[in-house]
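Below is one structure, written out as structure tokens; comments come after it.
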Amino acid sequence: MTSVLPRPTDDPRLVNLPEAVRTQLQDRFKLVATPGGLSTSGSLPFNQETASPPRVQTGRAIVSLTQVEKIYPNGSSALVEANLTVNQGDFLFVTGPSGSGKSTLLKLLYGHEQPTAGNIFIDNQPIDKLRGNRLAMMRRRIGIVFQDYKLIPRRTVAENVAFVLWAQGFTRKEIHRRLWPTLKMVGLQAKAQCFPDELSGGEQQRVSIARAVVNTPPLLLADEPTGNLDGDNSLQVIKILKKLNSIGITVIVTTHDEHLVRASNHPVVQIKQGRIHHLRH
Ligand code: ADP
């Protein structure tokens, strides 16, 4: 038997959170929960001892955009006739100058913005047409990393990461099982009890990656994750994203840093004035 978690917007646990985190969690509160906690899809992939990697059917489209156009209400044209297919297990860089439409593309993929024309399918579902619980369910399958981390200031590293699971109704045991391997995967076990303002920018970004993937989403979207970081920290973040990709998570990362793109051999698309160009397959 299933039940729907009650009245997410009234929950005092969500007060004072950054807007983006609150929206994400509110969506997740709307999920259908089982009495013993939410059922989870697949095992945590970071604990090699206890879990097997997620089942990945490579070659199957997980993201598909057909003739997508996005014009904002003020008339700004952000995407024009955009066509893009990303297969399960891919790692895709999205480059382009500031204002070219990179963030808009990601916002369309996680249903934060709606296209003005065209179709967007995530895992064979038309995300732009999903509402309510179905949209919340879909968003649960998409991890998101932002340039400015969006951590909860007065929560420790461990709490920031565990909070997502706790808000979704995971049991204490399951939270514990997922938390430590995830912190280990981003190299932050020793900082688990630190607060965000006690961390470097690179470390904060690694916390936000841990938070994005702790519930093992098949798709990870990272919007300029290295935008505030120096060269070394940027490379470290990309290395973690590649590690996640190697265990089966599809990764789409936007960056205007040509250096990072050149240092890798992954596929690249460039957005120029809202148009998507395939630079490297
Ligand atoms: P990028 O991520 O490449 O910097 P964006 O996707 O943020 O680019 O923006 C693409 C275009 O859409 C820009 O011209 C920008 O001004 C416009 N834009 C982005 N968000 C909004 C919005 N909420 N309202 C109106 N225009 C927007």
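Under this note's numbering, the first residue of the sequence shown carries the number 567, and numbering increases by one thereafter. Beta carbons: idealized from backbone N, C-alpha and C, even for Gly. Quantities reported herein were computed from a predicted structural model and do not represent experimental measurements.
- Relative to ligand 1, Tyr638 has its C-beta within less than 8 Å of a heavy atom.
- Proximity to Tyr715 across Arg626, Thr816 and Gln771 peaks at Gln771, based on C-alpha coordinates.
- Taking non-hydrogen atoms of ligand 1 into account, the C-beta of Thr670 is found less than 8 Å away from one of them.
- In this structure, ligand 1 has a non-hydrogen atom nearer than 8 Å to the beta-carbon of Ile837.
- Classified as exposed, Ser766 has fewer than 16 neighbouring CB atoms from the shown chains inside 10 Å of its CB.
- In this structure, the alpha-carbon of Gly797 lies about 19 Å from that of Gly662.
- Burial state of Ser642 is exposed, judged by a 10 Å Cβ sphere holding fewer than 16 other Cβ atoms.
- Taking 8 Å as the cut-off, one finds no heavy atom of ligand 1 near enough to the beta carbon of Gly698.
- Thr748 and Val779 do touch by the CB rule: their CB atoms are close to 7 Å apart, below 8 Å.
- Only residues of its own chain outside the window of five on either side were considered, and among them Phe657 have a CB closer than 7 Å to the CB of Lys808, listed in chain order.
- Using a 10 angstroms sphere on the CB of Lys805, the tally of other CB atoms stays under 16, which defines it as exposed.
- When His678, Asp763 and Lys695 are compared, the shortest CA-CA separation from Gly684 is found for Lys695.
- In this structure, the beta-carbon distance from Asn649 to Ile813 does not fall below 9 Å.
- Thr651 has its CB no nearer than 8 Å to any heavy atom of ligand 1.
- Exclusion of the five residues before and after Val646 leaves Glu635, Gln839, Gly840 and Arg841 as the residues of its chain whose Cβ lies within less than 8 Å of its Cβ.
- Between Gln802 and Gly768 the beta-carbon gap is near 6 Å, inside 8 Å, which marks them as a contact.
- Where Thr632 is concerned, the enclosing beta strand (DSSP E) starts and stops at Ala627 to Ile637.
- Only buried fits Lys668, as 16 or more other CB atoms lie within 10 angstroms of its CB.
- Nearest neighbour of Ile688 by Cα position, chosen from Ser666, Thr821, Gln755 and Pro784, turns out to be Pro784.
- Inclusion of Leu754 and Ala776 in the CB contact set at 9 Å is warranted, their separation being smaller than that value.
- A residue is called buried when at least 16 other Cβ atoms come within 10 angstroms of its Cβ; Gly698 does not meet this threshold and is exposed.
- In the three-state reduction of the DSSP assignment, Asn649 falls in the strand class.
- In the structure shown, the three-state DSSP call for Ala778 is helix.
- For Asn640, the number of other beta carbons within 10 angstroms of its own is below 16, and it is reported as exposed.
- Secondary structure at Pro692: strand, using DSSP grouped into helix, strand and coil.
- Separation of the CB atoms of Leu787 and Leu672 is rounded to 5 Å, and the pair is thereby assigned contact status at 8 Å.
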